[in-house]
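Colleague: Chains as they are written, first to last, in the working numbering: chain A, 1 to 213; chain B, 214 to 426; chain C, 427 to 639; chain D, 640 to 852.
Even for Gly, the Cβ is constructed at its ideal location relative to N, Cα and C.
In this text, all values refer to a predicted model and were calculated from it rather than measured experimentally.
Below is a structure I'd like to ask you about.
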DNA sequence: CATGAATGAGAGTTCATTCAT
DNA sequence: GATGAATGAACTCTCATTCAT
């Protein structure tokens with residue numbers, strides 16, 4: 001997971017160029033089809049350097065992926081801590097807004113995650129994904145638990161299932177930002193900021209209220 | 214999209230062996246990493262034959278994928294037509310049951326779909342996925358439209374958003390069947406038939422009723 | 427050990443060119459340092475073909491080496507069968523002459539053997555070498571056993587040790603033919619046929635009579 | 640052949656660690672396959688230092704090999720000088736014992752020698768090996784010449800040939816110590832000290848007496 | 001003087017595709 | 001129509017060597 005100190009001591013700008021090129025390549029092509037040739041020629045360094053920094057392709061991938069996960073976690077943590085007093089409705093909205101914000105700032109990271117979902121022979125794939133999903137669910141569960149304590153939930157709500165639904169819907173919402181074909185008629189892809197805010201509100205409404213009388 | 218007539222005139226049994234081997238390979242390895250070598254050696258035919266039948270790797274993939282999509286569509290159509298009179302709650306349950314049933318009978322097809330979600334250089338990937346998602350949403354929308362006409366929906370429900378939530382949740386539910394790390398605490402993966410039925414009911418409850426009072 | 431039938435069905439001339447180039451390369455450079463690039467560019471075939479024929483570098487080496495061993499064994503067998511009635515002295519001479527003959531006709535094979543002696547990571551190296559040495563010793567032992575039965579040996583001779591000495595000396599004699607620095611003052615390297623015959627006679631004399639009165 | 644003075648001025652302990660690591664690597668892998676990376680990381684010095692000390696890989700090898708040859712020569716010289724008065728039989732035994740002793744104390748050096756025998760592109764390989772063999776033969780020749788003067792030899796003995804046989808047999812005996820497959824039924828490999836002493840005696844008996852009446 | 005980052009040629013191997021039989 | 005041998009580009013990874021610090 002940790003690159004060679006050589007890499008860490010590189011000038012910030014060079015490090016970022018390498019990280020960006022690698023993240024781009026992996027998120028565009030998945031693990032196995034990603035080409036180190038492409039990465040190095042984009043960055044303009046020698047092929048050998050990548051292997052000096054990260055040992056092998058697997059090491060490079062784990063580093064890039066780990067970095068991305070850390071970025072997401074920090075982002076979510078900030079949101080949770082900034083909204084502890086707010087009602088559930090608002091907290092969900094803020095969470096999703098933060099997700100949108102993050103996905104727009106780092107579209108590559110989201111694609112990288114989606115890629116990893118779907119590829120079989122990725123190193124430590126199972127462990128990686130389990131940890132991500134668990135993190136996401138625990139985050140939502142802490143929101144719902146707080147809401148229940150505050151009496152914001154209807155009696156008889158199954159919190160596990162509710163988390164599942166919210167997680168899936170938010171995940172898909174974010175996918176739609178990056179992948180046009182996941183948009184599903186909502187017009188999420190290519191919506192401007194104002195429109196997105198409205199769509200987020202609608203989604204959270206629907207998640208909280210359901211569809212039946 | 215259409216294979217060479219030579220292929221279509223092959224004995225049924227041989228055709229099926231080729232289709233199965235190809236679907237297995239693509240769903241295990243994605244598009245680019247799938248190996249035609251592996252396919253032909255599994256089937257026991259000459260490598261050149263594949264190229265005679267399908268032109269190139271892309272042609273083979275499109276044929277296999279198209280076949281799978283057709284199977285799904287037929288399955289869903291049957292469910293819709295068999296439950297037109299039932300209440301929304303039941304129709305959703307039956308739809309999800311049918312999805313589970315299909316995924317269990319044809320696990321390869323589901324993996325093939327998930328793979329395609331995530332790979333960039335798949336031929337006509339965008340078109341393929343858009344058509345699938347649209348089909349799925351239209352299917353759900355026809356269910357909800359009928360429900361609204363029957364007065365089963367709460368006033369002010371945004372049907373587009375509701376479809377989006379239901380589609381995302383059902384999709385994730387089916388993913389959890391095949392990929393353990395998408396299970397998310399619900400215990401879907403490895404559940405027996407009876408347990409699955411209960412989970413399906415809970416999910417549909419949650420989707421219809423929301424979480425707030 | 428067995429190459430792909432594809433290789434076996436090649437025109438004799440092409441097969442021989444491949445075998446020769448590979449044997450040359452291995453005997454010049456050992457296993458690990460031998461370059462498949464060099465082999466294919468010498469033969470003028472595509473790199474992929476070698477891997478089609480032999481699977482991998484290891485497979486190529488085992489085939490080439492096995493072929494060489496077979497050639498040696500056949501040669502020795504002929505000599506033994508052609509001299510069963512002759513006295514020990516003559517049989518040793520004929521054996522060595524045959525060895526010289528073989529080494530001159532196939533200098534590459536001898537170098538290949540010497541190479542294998544000295545390299546560590548050769549596939550199945552231990553098994554290969556044990557089998558060769560055992561074959562050689564058994565051959566000599568059968569000669570000495572026959573001689574003992576015929577009363578040609580001095581009482582109290584330790585046959586194991588005698589075989590060891592003869593084997594080592596003959597081995598070195600043959601090495602000297604190919605490697606000038608093993609010549610050791612005898613002038614074996616670059617000797618003409620007539621001179622070699624005399625040297626062979628001297629060596630066998632010495633082996634049979636020792637040096638003390 | 641001579642390293643940079645910088646190396647010679649290094650602390651003894653560091654010098655020895657470098658020499659040991661290099662000798663290990665060359666004797667394990669031969670010349671071309673030996674990795675300077677491995678050497679420096681074992682010793683814990685910078686890669687550049689090796690090139691500062693020895694110029695290039697070739698310089699390092701020549702230095703290490705030369706050192707080893709010197710060690711062997713010193714060893715043999717001691718034996719010769721310590722046994723000038725003894726009969727030939729004893730002197731040969733002592734020589735072989737010394738060889739065994741040396742091989743057991745410095746197994747790396749012997750492997751290094753065997754490696755060099757077999758590799759083509761070693762720098763100055765021919766010159767190196769010729770000098771070694773010549774030294775060995777001259778050593779034996781001085782023993783046999785002394786013996787002849789003392790009347791220990793049978794009339795008509797060809798001293799060149801005798802040296803050749805003795806040299807080859809002793810060489811093989813020592814090889815058998817390190818390489819199990821050269822053992823040839825004598826059980827040299829893994830023999831304890833006492834057994835070895837007996838085997839040495841038998842070998843020298845055989846060398847001196849031959850096999851015929 | 002020591003360092004170790006950078007280099008790029010070359011290693012073995014895989015693979016979709018072509019085409020003569 | 002079926003075959004499978006041949007191809008060569010692309011892959012990951014290793015390595016001796018250089019040189020700025």
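Tell me which residue opens and which closes the alpha helix (DSSP H) that residue 17 of chain A is part of.
Modeller: Taken as a continuous stretch (DSSP letters only), the alpha helix (DSSP H) holding residue 17 of chain A covers 12-29.
Colleague: If you follow the alpha helix (DSSP H) that residue 283 of chain B is in, where does it begin and where does it stop?
Modeller: 270-295
Colleague: Output, in chain order, the set of chain B residues within a Cβ distance shorter than 8 Å of residue 35 of chain A.
Modeller: Simply none; closest approach about 11 Å.
Colleague: For residue 842 of chain D, go through chain C and note every residue whose CB falls closer than 8 Å to its CB, in chain order.
Modeller: 587, 590, 591
Colleague: Any C-beta of chain C sitting closer than 8 Å to the C-beta of residue 722 of chain D?
Modeller: Not one chain C Cβ lies under 8 Å of residue 722 of chain D.
Colleague: For the alpha helix (DSSP H) that contains residue 425 of chain B, what are its first and last residues?
Modeller: Looking at the DSSP string, residue 425 of chain B is not in any alpha helix (DSSP H), and its letter there is neither H nor E.
Colleague: Report the rounded CA-to-CA distance for residue 823 of chain D versus residue 588 of chain C, giving the unit in angstroms.
Modeller: 11 Å
Colleague: Under 7 Å between beta-carbons, which chain A residues line up against residue 371 of chain B? List them in chain order, please.
Modeller: 202, 206
Colleague: According to DSSP, is residue 216 of chain B helix, strand or coil?
Modeller: Here residue 216 of chain B sits in coil by DSSP.
Colleague: Going along the chain, which unbroken runs of the alpha helix (DSSP H) with 4 or more residues stay wholly within the region 139-210 of chain A?
Modeller: 159-178, 193-209
Colleague: Alpha carbon to alpha carbon, how far is residue 40 of chain A from residue 245 of chain B? Give it in angstroms, no decimals.
Modeller: 21 Å
Colleague: Can you pull the chain D neighbours of residue 521 of chain C, defined as C-beta to C-beta under 7 Å?
Modeller: Here the premise fails: no neighbours, minimum Cβ distance about 15 Å.
Colleague: Measure how close the beta-carbons of residue 302 of chain B and residue 417 of chain B come, nearest whole angstrom, since I'm counting them as under 8 Å.
Modeller: Indeed, because the Cβ distance is near 6 Å, the residues count as touching under 8 Å.
Colleague: Among D:664, D:764, D:742, D:797, which one has its Cα closest to the Cα of residue 809 of chain D?
Modeller: Among D:664, D:764, D:742, D:797, the Cα nearest to that of residue 809 of chain D is on D:742.
Colleague: What is the rounded straight-line gap between the Cα of residue 738 of chain D and the Cα of residue 712 of chain D?
Modeller: 11 Å
Colleague: Are any of the Cβ atoms in chain A nearer than 8 Å to that of residue 422 of chain B?
Modeller: yes
Colleague: Using beta carbons (cut-off 8 Å, strictly below), is residue 486 of chain C in contact with chain D?
Modeller: no
Colleague: Can you tell me the Cβ-Cβ gap for residue 538 of chain C and residue 447 of chain C, rounded? I've got them flagged as a contact below 8 Å.
Modeller: No, residue 538 of chain C and residue 447 of chain C are not in contact; Cβ-Cβ is about 13 Å, not under 8 Å.
Colleague: Taking residue 152 of chain A as the query, report the chain B residues whose CB atoms sit under 9 Å from its CB, ordered along the chain.
Modeller: For residue 152 of chain A, the C-beta contacts it makes with chain B under 9 Å involve 424, 425, 426, in order along the chain.
Colleague: Using the rule of at least 16 other Cβ atoms within 10 Å of the residue's Cβ for burial, across every protein chain shown, is residue 250 of chain B buried or exposed?
Modeller: exposed
Colleague: Hey, how far is the Cα of residue 209 of chain A from the Cα of residue 426 of chain B?
Modeller: CA-to-CA, the gap between residue 209 of chain A and residue 426 of chain B works out to about 8 Å.
Colleague: To the nearest angstrom, how far is it from the Cα of residue 127 of chain A to the Cα of residue 117 of chain A?
Modeller: Roughly 11 Å separates the two Cα atoms.
Colleague: Buried or exposed, going by whether 16 or more other CB atoms sit within 10 Å of the CB of residue 536 of chain C?
Modeller: buried
Colleague: Checking contacts by CB at 8 Å: is residue 641 of chain D closer than that to chain C?
Modeller: Chain C, which has no Cβ nearer than 8 Å to the Cβ of residue 641 of chain D, makes this no.
Colleague: Is it the case that the Cβ atoms of residue 26 of chain A and residue 133 of chain A are separated by a distance below 8 Å?
Modeller: no
Colleague: Using 8 Å as the limit for Cβ to Cβ distance, is residue 189 of chain A near chain B?
Modeller: It does not: the Cβ of residue 189 of chain A has no partner Cβ on chain B nearer than 8 Å.
Colleague: Measuring alpha carbon to alpha carbon, tell me which residue in C:454, C:493, C:583, C:478 is nearest residue 436 of chain C.
Modeller: Ranked by Cα distance from residue 436 of chain C, the options C:454, C:493, C:583, C:478 are led by C:478.
Colleague: Hey, residue 441 of chain B and residue 211 of chain A are a contact pair by Cβ (cut 8 Å); roughly how many whole angstroms apart?
Modeller: Nothing can be reported for residue 441 of chain B, as the shown portion of chain B is limited to 214 through 426.
Colleague: May I have the straight-line CA-CA distance separating residue 175 of chain A from residue 472 of chain C, to the nearest angstrom?
Modeller: 45 Å
Colleague: Identify, in the order they occur along the chain, each residue of the same chain with its Cβ nearer than 6 Å to the Cβ of residue 674 of chain C, setting aside the five sequence neighbours on each side.
Modeller: Only positions 427 to 639 of chain C appear in the structure, and residue 674 of chain C is not among them; the question remains open.
Colleague: To the nearest angstrom, how far is the alpha carbon of residue 91 of chain A from that of residue 159 of chain A?
Modeller: Straight through space, the alpha carbons of residue 159 of chain A and residue 91 of chain A are spaced by roughly 16 Å.
Colleague: Quick check on residue 32 of chain A: does DSSP put it in helix, strand or coil?
Modeller: Per DSSP, reduced to three states, the secondary structure at residue 32 of chain A is coil, with no helix or strand assignment.
Colleague: Figure out for me which residue from A:80, A:12, A:152 has the closest Cα to the Cα of residue 142 of chain A.
Modeller: The option with the nearest alpha carbon to residue 142 of chain A is A:80.
Colleague: Does residue 694 of chain D have its Cβ less than 8 Å from a Cβ in chain C?
Modeller: Residue 694 of chain D does not count as touching chain C.
Colleague: Thinking C-beta only, is residue 350 of chain B closer than 8 Å to residue 380 of chain B?
Modeller: Yes, they are a contact pair.
Colleague: Which chain A residues are close to residue 234 of chain B, counting only those with a beta carbon under 8 Å from its beta carbon?
Modeller: Under the 8 Å cutoff, chain A gives no residues; its nearest Cβ is about 17 Å from residue 234 of chain B.
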